[in-house]
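Protein chains: 2
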Amino acid sequence: MMKGPASAGPENPGVDGGDSRTINPELWYACAGPLVTLPSVGSLVVYFPQGHSEQVAASMKKDIDAHIPNYPNLPSKLICLLHGVTLHADAETDEVYAQMTLQPINTCDEKALLAYDLALKTNKPQTEFFCKTLTASDTSTHGGFSVPRRAAEKIFPPLDFSMQTPVQELQARDLHDSVWTFRHIYRGKPRRHLLTTGWSIFVSGKKLLAGDSVLFIRDEKQQLLLGIRRANRQPINMSSSVLSSDSMHIGILAAAAHAAANSSLFTVFYNPRASPSEFVVPLAKYNKAVYGNQVSLGMRFRMSFETEELGTRRYMGTITGISDLDPGRWKNSNWRNLQVGWDESAPGERRNRVSIWEIEPILTPFFICPQPFFRTKRSRQPGMPGASA
Amino acid sequence: MMKGPASAGPENPGVDGGDSRTINPELWYACAGPLVTLPSVGSLVVYFPQGHSEQVAASMKKDIDAHIPNYPNLPSKLICLLHGVTLHADAETDEVYAQMTLQPINTCDEKALLAYDLALKTNKPQTEFFCKTLTASDTSTHGGFSVPRRAAEKIFPPLDFSMQTPVQELQARDLHDSVWTFRHIYRGKPRRHLLTTGWSIFVSGKKLLAGDSVLFIRDEKQQLLLGIRRANRQPINMSSSVLSSDSMHIGILAAAAHAAANSSLFTVFYNPRASPSEFVVPLAKYNKAVYGNQVSLGMRFRMSFETEELGTRRYMGTITGISDLDPGRWKNSNWRNLQVGWDESAPGERRNRVSIWEIEPILTPFFICPQPFFRTKRSRQPGMPGASA
DNA sequence: TTGTCGGCCCGAGGCCGACAA
DNA sequence: TTGTCGGCCTCGGGCCGACAA
Chain A
1 MMKGPASAGP ENPGVDGGDS RTINPELWYA CAGPLVTLPS VGSLVVYFPQ GHSEQVAASM
61 KKDIDAHIPN YPNLPSKLIC LLHGVTLHAD AETDEVYAQM TLQPINTCDE KALLAYDLAL
121 KTNKPQTEFF CKTLTASDTS THGGFSVPRR AAEKIFPPLD FSMQTPVQEL QARDLHDSVW
181 TFRHIYRGKP RRHLLTTGWS IFVSGKKLLA GDSVLFIRDE KQQLLLGIRR ANRQPINMSS
241 SVLSSDSMHI GILAAAAHAA ANSSLFTVFY NPRASPSEFV VPLAKYNKAV YGNQVSLGMR
301 FRMSFETEEL GTRRYMGTIT GISDLDPGRW KNSNWRNLQV GWDESAPGER RNRVSIWEIE
361 PILTPFFICP QPFFRTKRSR QPGMPGASA
Chain B
1 MMKGPASAGP ENPGVDGGDS RTINPELWYA CAGPLVTLPS VGSLVVYFPQ GHSEQVAASM
61 KKDIDAHIPN YPNLPSKLIC LLHGVTLHAD AETDEVYAQM TLQPINTCDE KALLAYDLAL
121 KTNKPQTEFF CKTLTASDTS THGGFSVPRR AAEKIFPPLD FSMQTPVQEL QARDLHDSVW
181 TFRHIYRGKP RRHLLTTGWS IFVSGKKLLA GDSVLFIRDE KQQLLLGIRR ANRQPINMSS
241 SVLSSDSMHI GILAAAAHAA ANSSLFTVFY NPRASPSEFV VPLAKYNKAV YGNQVSLGMR
301 FRMSFETEEL GTRRYMGTIT GISDLDPGRW KNSNWRNLQV GWDESAPGER RNRVSIWEIE
361 PILTPFFICP QPFFRTKRSR QPGMPGASA
């Protein structure tokens with residue numbers, strides 16, 4: 001029985017180990033989380049140097065320090081044309097990030113920009129997937145991976161239940177197009193789905209720990225894709241050893257300032273999981289939020305947060321202040337200029353400063369239908385399998 | 001028999017895992033190689049932005065590209081006061097690097113600077129050490145480490161040869177102050193020194209491969225120190241995912257320019273093994289080389305290179321050209337402005353451009369004494385052990 | 001439904017001297 | 001002097017159902 005070389009470890013059919021080849025967008029978005037969207041190529045966006053700086057500071061686990069020079073000719077936001085977006089994943093950690101190429105454009109024609117209101121087509125691919133947070137047993141060397149029943153039935157190819165212990169070999173592709181092979185078996189009493197051979201190689205290869213999550217997707221070609229999402233451990237101290245933290249911060253500002261002065265291209269990396277810093281915002285979204293809503297102290301709002309298992313949940317809060325986050329350096333910036341309080345005590349730290357485009361203001365409570373009168377059609381089809389939840 | 005917790009893996013007595021605590025200078029210099037020296041704190045140095053940029057490019061494995069803006073107000077070299085030097089080692093790779101804090105100083109008083117000629121005290125510690133390039137057997141999981149006889153006798157504590165198979169436990173400290181424990185045994189027929197238990201944990205922990213080298217030092221307190229030097233593999237593509245390559249290069253230039261304009265401090269990382277870019281040069285060394293020697297086309301010179309096993313060897317060459325490396329961006333720079341040819345075909349690629357302070361010009365062959373008449377005193381003490389080499 | 005454990009088996013890890021370069 | 005190998009043993013990796021949450 002000739003088995004392919006994939007039987008031992010991951011197999012990468014790509015030519016080189018880099019991630020420069022095309023990343024599967026479905027998998028990338030799934031790993032990035034339900035709240036992450038990227039602006040469309042060719043659209044106009046608003047770039048916030050301040051937010052960019054914050055992301056770098058978070059990546060370096062270091063505060064933005066005082067003695068970084070001001071760039072007086074660099075405004076707190078730049079309107080840019082988005083020339084390109086490429087998806088990437090860190091070769092070491094599988095952390096997803098996007099590279100965007102921006103071109104600052106002349107903002108003298110303010111009216112035209114206000115009129116710019118490209119429909120916000122969210123072209124996030126929607127696919128079947130499941131996500132499980134790994135238990136101690138899943139990551140221990142003692143055994144394999146316990147597959148939630150629903151997950152196996154929804155995502156994996158169906159087993160041949162005529163066998164007394166149904167088994168099959170699964171192949172799944174990760175963000176780097178490496179193929180991982182697992183033995184999928186349905187056994188035990190009571191019966192359950194397990195991944196055995198191949199699983200521990202995956203766990204050690206990706207350095208997964210209990211608390212991290214894995215993510216299986218079935219794409220439209222019925223292929224399995226495999227992603228990981230690490231628990232919020234402290235960002236490992238990336239004290240670069242190449243560039244000082246100061247040089248990095250200055251580099252960001254100088255690169256943007258230079259591009260703005262010459263209307264030339266510059267490149268940024270957006271790392272959606274490093275920190276909540278969406279520092280490249282679609283202009284349409286920005287305009288709609290800034291000019292569409294009258295925010296005021298005491299105003300109530302909703303805001304979406306990511307849950308475990310890749311869902312979203314909205315929390316409610318109140319605007320408690322409106323002020324520049326850094327009035328010295330970035331005057332009149334809309335970047336996180338709303339101070340907020342939250343109704344529920346924080347499950348996981350909630351931010352106390354947000355930007356206006358992140359929230360949904362509740363204009364008047366009167367218009368909110370507390371419970372839809374006609375419930376969404378739930379006429380249960382008789383004969384459908386269970387799912388009484 | 002109570003054994004300490006060190007019997008399994010490395011033990012780090014430091015409080016946190018960072019390398020911010022004091023690195024052992026002897027070990028640092030040994031890992032950096034015989035040609036690396038660092039300027040003294042408080043001395044004057046010359047900083048070359050061009051060379052700094054080269055190092056970053058080498059670290060990123062990416063060419064310095066065109067569209068990086070000129071900084072017209074940033075000269076090709078800055079005279080700086082060296083405020084501080086701290087030694088570091090990369091937490092992942094153990095690669096050594098130094099952080100230097102520089103302050104550009106006013107260069108209007110050129111005369112005074114020329115007079116500046118602090119004696120170049122090379123305060124590199126000299127210690128007993130040995131270095132071995134790992135063989136396939138050393139790194140395979142099948143066995144331990146074969147210790148060269150001389151090395152064991154010179155560096156390790158003496159064994160108790162009254163035992164029929166002498167054994168002892170060795171403890172050695174790496175750059176991060178982690179303690180590694182090895183079983184040192186003298187056995188086999190013929191007898192040889194081996195490191196067995198503990199060795200494979202070290203190899204896998206440091207991700208050592210055949211061709212890499214290990215380095216044992218005995219310091220003046222008779223403590224064992226342990227360093228590694230990786231073979232010249234391709235610098236793993238550090239495509240940062242945090243900052244674009246352009247921003248990094250711009251950041252370097254902008255940080256230096258800002259510091260020069262304000263005579264304020266700035267920080268650089270010098271990574272001696274990433275690339276041959278000694279971009280912070282003692283002013284005394286620079287002055288001596290630039291003003292002390294008349295270089296001309298066809299001039300012969302010597303230059304030192306590092307050998308394996310941490311020795312040095314000098315190769316001879318001829319100056320074939322004198323020109324700016326990048327006349328557009330860095331005019332009148334002395335940075336690698338000498339084009340050279342070498343007498344011997346390159347064992348390992350030799351550079352074809354060097355800076356004048358890297359070479360020893362041979363003024364006239366007449367003054368060079370080919371062999372000292374009185375050899376250095378080698379009156380062999382009778383009764384001294386072997387060492388007839 | 002699924003997390004953890006005890007049982008059991010097997011193969012990689014690892015210590016040894018033989019042998020030869 | 002020392003790099004590589006065959007022999008041999010041991011221990012942890014890993015597959016199994018039991019059992020209980």
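Chains A and B are the protein sequences, given in the same order. Throughout the first sequence, residue numbering follows the UniProt record's numbering, covering 1 to 389 in sequence. Throughout the second sequence, residue numbering follows the UniProt record's numbering, covering 1 to 389 in sequence. Backbone N, C-alpha and C fix where the C-beta goes; we use that ideal spot for every residue, glycine too.
>> Tell me which residues share the same chain as R300/B and place their Cβ nearer than 7 Å to its Cβ, disregarding the 5 neighbours each side in the sequence.
In response: Taking the second sequence and counting its residues from 1, one reaches residue 300/B at position 300. Shown here for R300/B: same chain residues with a beta carbon closer than 7 Å to its own, the five before and five after excluded, namely M316, T318 and I362 in chain order.
> Helix, strand or coil: which one does DSSP assign to K132/B?
Replying inline: Working through the second sequence from its first residue, we reach residue 132/B at position 132. K132/B falls in the strand class under three-state DSSP.
> Just the Cα atoms here: how many angstroms apart are L209/A and S140/A?
Replying inline: Within the first sequence, residue 209/A is the residue found at index 209, counting from 1. Within the first sequence, residue 140/A is the residue found at index 140, counting from 1. Each residue's alpha carbon lies about 9 Å from the other.
> How many Å lie between R150/A and P158/A at the Cα?
Replying inline: Start at 1 with the first residue of the first sequence, and residue 150/A comes out as number 150. Start at 1 with the first residue of the first sequence, and residue 158/A comes out as number 158. C-alpha separation (whole angstroms): 12 Å.
> Using CA coordinates, which residue listed in Y286/A, E309/A, L81/A and E344/A is at the minimum distance from I359/A?
Replying inline: The count along the first sequence starts at 1 and reaches residue 359/A at position 359. Here the closest residue by C-alpha is Y286/A.
> Do S277/B and G51/B have their CB atoms nearer than 8 Å?
Replying inline: As a working note, residue 277/B is residue 277 in the second sequence. As a working note, residue 51/B is residue 51 in the second sequence. Yes. Within cutoff.
>> Here's the rule I'm using: 16 or more other beta-carbon atoms within 10 Å means buried, otherwise exposed. How should M163/B be labelled?
In response: Reading the second sequence from its first residue, position 163 is the one you call residue 163/B. That one is exposed.
> For the UniProt domain "TF-B3" (130-232) of chain A, which residues have a beta carbon sitting closer than 7 Å to at least one beta carbon of chain B?
Replying inline: Under the 7 Å Cβ criterion, the UniProt domain "TF-B3" (130-232) of chain A contributes no residue.
> How long is the line joining the alpha carbons of R191/B and T165/B, rounded to whole angstroms?
Replying inline: Locating residue 191/B in the second sequence gives position 191, where the first residue counts as 1. Locating residue 165/B in the second sequence gives position 165, where the first residue counts as 1. Rounded to whole angstroms, R191/B to T165/B spans 9 Å at the Cα level.
>> For chain B, check one thing: does any of its Cβ atoms lie closer than 8 Å to the Cβ of A254/A?
In response: In the first sequence, residue 254/A corresponds to position 254, counting from 1. By this cut-off, A254/A is an interface position.
> When you compare each of C80/A, P10/A and R314/A to P39/A by their alpha carbons, which one comes out closest?
Replying inline: The residue given as residue 39/A occupies position 39 in the first sequence. The option with the nearest alpha carbon to P39/A is C80/A.
>> Quick check on L243/A - is its C-beta less than 8 Å from some C-beta in chain B?
In response: Sequence index remark: in the first sequence, residue 243/A carries index 243 (1-based). For L243/A, a Cβ of chain B is located within less than 8 Å of the residue's own Cβ.
> Any idea what DSSP makes of D212/B, helix, strand or coil?
Replying inline: Reading the second sequence from its first residue, position 212 is the one you call residue 212/B. Judged by DSSP in its simplified three-state form, D212/B adopts strand.
> Under the three-state reduction of DSSP, which class applies to T139/B: helix, strand or coil?
Replying inline: Within the second sequence, the letter at position 139 stands for residue 139/B. If DSSP states are grouped into helix, strand and coil, T139/B belongs with the helices.
>> For A289/A, which residues in the same chain have their Cβ closer than 7 Å to its Cβ, ignoring the five residues on either side in sequence?
In response: To locate residue 289/A, count along the first sequence from 1; it is residue 289. Hits under 7 Å: I356 and W357.
>> Classify V41/A: buried if its beta carbon has 16 or more other beta carbons within 10 angstroms, exposed otherwise.
In response: Taking the first residue of the first sequence as position 1, residue 41/A is located at position 41. The residue is exposed, with fewer than 16 neighbouring Cβ atoms inside 10 Å.
> Cβ atoms of T320/B and V295/B: under 8 Å apart, would you say?
Replying inline: Residue mapping note: residue 295/B aligns to position 295 of the second sequence, counting from 1. Residue mapping note: residue 320/B aligns to position 320 of the second sequence, counting from 1. No, the pair does not count as a contact, with Cβ atoms beyond the cut-off.
> Does the Cβ of V188/A have 16 or more other Cβ atoms within 10 Å, making it buried, or fewer, making it exposed?
Replying inline: As a working mapping, residue 188/A is identified with position 188 in the first sequence. Here residue 188/A is Gly; the residue named in the question, Val, does not match the sequence. Per the 10 Å Cβ criterion, exposed.
> Are the beta-carbon atoms belonging to I228/B and D90/B less than 8 Å from one another?
Replying inline: Taking the first residue of the second sequence as position 1, residue 228/B is located at position 228. Taking the first residue of the second sequence as position 1, residue 90/B is located at position 90. No, Cβ-Cβ distance for I228/B and D90/B is not below 8 Å.
> Going along the chain, which residues of its own chain have a beta-carbon closer than 6 Å to the beta-carbon of A231/A, five neighbours each way excluded?
Replying inline: One-based indexing of the first sequence puts residue 231/A at position 231. Contacts found: G211 and D212.
> If you measure beta-carbon to beta-carbon, which residues of the segment 268-289 of chain A are closer than 9 Å to chain B?
Replying inline: Along the segment 268-289 of chain A, the positions whose C-beta sits under 9 Å from a C-beta of chain B are V268, F269, N271 and A274, read in chain order.
>> Within a Cβ cutoff of 8 Å, which residues of the same chain sit near L74/B, ignoring the five residues on either side of it in sequence?
In response: Against the second sequence, residue 74/B aligns to sequence position 74. For L74/B, where only same-chain residues beyond five positions count, the Cβ hits under 8 Å are P49, L253, A256, A257 and A260.
> Buried or exposed: which applies to A136/B, given that a residue is buried once 16 or more other Cβ atoms fall within 10 Å of its Cβ?
Replying inline: The residue labelled residue 136/B in the question sits at position 136 within the second sequence. Under this definition A136/B is an exposed residue.
> Do you know offhand how far A30/A's Cα is from N334/A's?
Replying inline: Counting from one through the first sequence, the residue named residue 30/A turns up at place 30. Counting from one through the first sequence, the residue named residue 334/A turns up at place 334. Roughly 29 Å between the two C-alpha positions.
> Less than 8 Å separating the beta-carbons of A274/B and A58/B?
Replying inline: By one-based count along the second sequence, residue 274/B stands at place 274. By one-based count along the second sequence, residue 58/B stands at place 58. Result yes, Cβ atoms of A274/B and A58/B sit closer than 8 Å.
>> Please list, in chain order, the chain B residues whose beta carbon lies closer than 7 Å to that of P69/A.
In response: In the first sequence, counting from the first residue as 1, residue 69/A sits at position 69. Chain-order list of chain B residues neighbouring P69/A: H258, by C-beta distance under 7 Å.
> Name the DSSP beta bridge partners of H88/A, please?
Replying inline: Counted from its first residue, the first sequence places residue 88/A at position 88. DSSP lists Y97/A as the bridge partner or partners of H88/A.
>> Tell me the DSSP secondary structure of F182/B in three-state form.
In response: Here residue 182/B refers to the residue found at position 182 when the second sequence is read from its first residue. F182/B falls in the strand class under three-state DSSP.
>> Applying the 10 Å Cβ sphere with the 16-neighbour rule, what's the burial state of N106/B?
In response: The residue given as residue 106/B occupies position 106 in the second sequence. So N106/B counts as exposed.
> Within this structure, are the beta carbons of F216/B and F129/B separated by less than 8 Å?
Replying inline: Taking the first residue of the second sequence as 1, we reach residue 216/B at position 216. Taking the first residue of the second sequence as 1, we reach residue 129/B at position 129. Closer than 8 Å, so yes.
> Between V214/A, L175/A, Q103/A and Y71/A, which lies nearest to N138/A when the distance is taken from Cα to Cα?
Replying inline: In the first sequence, residue 138/A corresponds to position 138, counting from 1. Looking at the sequence shown, residue 138/A is not Asn but Asp. Looking at the Cα atoms, V214/A is the closest of the given residues.
>> Looking at the secondary structure, which residues open and close the beta strand (DSSP E) in which L226/B lies?
In response: Here residue 226/B corresponds to residue number 226 of the second sequence, with the count starting at 1. For L226/B, the enclosing beta strand (DSSP E) begins and ends at L224 to R229.
> Name the residues in the segment 80-98 of chain A whose C-beta lies less than 8 Å from a C-beta of chain B; which are they?
Replying inline: Residues passing the 8 Å Cβ filter: H88, D90, A91, E95 and Y97.
> Any idea which residues DSSP pairs I319/B with across the strands?
Replying inline: Translated into the one-based positions of the second sequence, residue 319/B becomes position 319. I319/B pairs with V340/B.
> For V281/A, which residues does DSSP report across the bridge?
Replying inline: Taking the first sequence and counting its residues from 1, one reaches residue 281/A at position 281. Bridge partners of V281/A according to DSSP: V46/A.
> Any idea what DSSP makes of residue 409/A, helix, strand or coil?
Replying inline: Nothing can be reported for residue 409/A: it is not among the residues displayed for chain A, which extend from 1 to 389.
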